[in-house]
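Have a look at the structure below before the remarks.
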Amino acid sequence: MSTPLAGPRIEERNLPFYRRFWIYQKERFPLVAHTPLILAFSYCAVSISSRLRDDVWPQWPSAAVAFLTCLLFFLQLRIADEFKDNAEDARYRPYRPVPRGLVKLGELGRLFALAGLLQLAAALWWSPPLAVLLLVTWGYLAAMSFEFGMRNWLKARPIVYLWTHMLIMPLIDLYASSTDWMVAGLAFPPHGLLFFLAASFFNGVVIEIGRKIRVPSQEEEGVETYSFLWGCSKAALVWWLMVLATAVFGCLTAWKAGALAAIGPLLLVAACGCGIVVAVFLCRQTERLAKMFEPASALWTLCLYLSLGILPGVIAHG
Numbered sequence: 135m136s137t138p139l140a141g142p143r144i145e146e147r148n149l150p151f152y153r154r155f156w157i158y159q160k161e162r163f164p165l166v167a168h169t170p171l172i173l174a175f176s177y178c179a180v181s182i183s184s185r186l187r188d189d190v191w192p193q194w195p196s197a198a199v200a201f202l203t204c205l206l207f208f209l210q211l212r213i214a215d216e217f218k219d220n221a222e223d224a225r226y227r228p229y230r231p232v233p234r235g236l237v238k239l240g241e242l243g244r245l246f247a248l249a250g251l252l253q254l255a256a257a258l259w260w261s262p263p264l265a266v267l268l269l270v271t272w273g274y275l276a277a278m279s280f281e282f283g284m285r286n287w288l289k290a291r292p293i294v295y296l297w298t299h300m301l302i303m304p305l306i307d308l309y310a311s312s313t314d315w316m317v318a319g320l321a322f323p324p325h326g327l328l329f330f331l332a333a334s335f336f337n338g339v340v341i342e343i344g345r346k347i348r349v350p351s352q353e354e355e356g357v358e359t360y361s362f363l364w365g366c367s368k369a370a371l372v373w374w375l376m377v378l379a380t381a382v383f384g385c386l387t388a389w390k391a392g393a394l395a396a397i398g399p400l401l402l403v404a405a406c407g408c409g410i411v412v413a414v415f416l417c418r419q420t421e422r423l424a425k426m427f428e429p430a431s432a433l434w435t436l437c438l439y440l441s442l443g444i445l446p447g448v449i450a451h452g
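According to the numbering used here, numbering within the sequence shown proceeds without interruption in unit steps and concludes at 452.
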């Protein structure tokens, strides 16, 4: 399998960086797939904040700064993983962009720094105090990248590893929401935002588990999927439990925003749809059905953030 790909891989290395990065993003950070999710994610954080604090629509600069910063945060998370997993990728996954020489770690490191400068510039342009929370988020991202100095200990405890790394999700959402409430002069997030941050945490777990459920024929040596760690059936059930936990905190957020009657049934139907995916997979554990968890996670995420980000405002001003 590697022989037919050897020629094109050699040609890739001679391309200018922007073309090599275009190939890289398609494989490791597909903008076509990620942009709608991150837009919904960031806009919802700003919209919920503005709804909870003053029942208004968010200002467009808040939404723009939140989206740009979140997009770059997730790019930085991907780049940080390239550094963190470099040894394992070189050993077990030589087909990935860094091991095969498409991009160098040094190039990605400079891209990481450029993303940080853009995030800082956006914060300083919109409201300089945002830089404080930006630094806090960077700090947690850095600690994650170095596995909190406990790599072997965390690797031996996959559940602890999962939740410590997923804490970055509500932290990013907190920063996105701060482009609204901090700019409005509040010293602390509006009451009720904690429910939204909890929903973001559990939704991050949904996405993380959903992209790592496979049947035995899909498993790769050196890749610790949740189906490998827990078994296919248990991983699928845990995924659905995380969907339900997300739905609970999503409903609590909707209740605080005055839109539970509209959003609650919508999330219930979507959660039942996710339950059907699990039930079908438990009956027939095939490669095709295992691949359904990742798009199902994406659709669930869009449903959650679009409903919370848009419906409360429509109900209040419709």
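From the three backbone atoms N, C-alpha and C, an ideal C-beta is built for every residue, glycine too.
- Rounded to whole angstroms, Pro192 and Ile410 show a C-alpha spacing of 36 Å.
- Annotation: Leu269 to Phe415 spans about 42 Å, alpha carbon to alpha carbon.
- Annotation: the continuous alpha helix (DSSP H) that includes Leu267 extends over 264 to 279.
- If only uninterrupted alpha helix (DSSP H) runs of at least 4 residues are considered, those enclosed by the stretch 271 to 333 are 285 to 289, 292 to 300, 302 to 315.
- By the Cβ-count criterion, Tyr152 is exposed, with fewer than 16 other Cβ atoms from all chains shown falling within 10 Å of its own Cβ.
- The Cβ atoms of Glu342 and Met300 sit closer than 8 Å to each other.
- In chain order, Ala256 place their CB closer than 6 Å to the CB of Leu202, counting only its own chain and leaving out the 5 sequence neighbours on each side.
- In the DSSP annotation of this structure, Asn148 is not part of any alpha helix (DSSP H), being labelled neither H nor E.
- Ser311 and Ser441 do not touch by the CB rule: their CB atoms are close to 17 Å apart, not below 8 Å.
- By the criterion of a C-beta distance shorter than 6 Å, Arg147 is surrounded in its chain by Gly235, once the five residues flanking it on both sides are discounted.
- Listed in chain order, the alpha helix (DSSP H) runs fully inside the stretch 161 to 232 are 165 to 188, 194 to 218, 220 to 226, counting runs of at least 4 residues.
- Counting other Cβ atoms within 10 Å of its Cβ, Asn337 reaches 16 or more and is therefore classed as buried.
- Scanning its chain for C-beta atoms nearer than 8 Å, with the 5 sequence neighbours on each side dropped, one finds around Leu275 the residues Phe207, Gln210, Leu211, Ala214, Ile302, in chain order.
- Cβ atoms of Gly356 and Arg162 stay farther apart than 8 Å, at about 17 Å.
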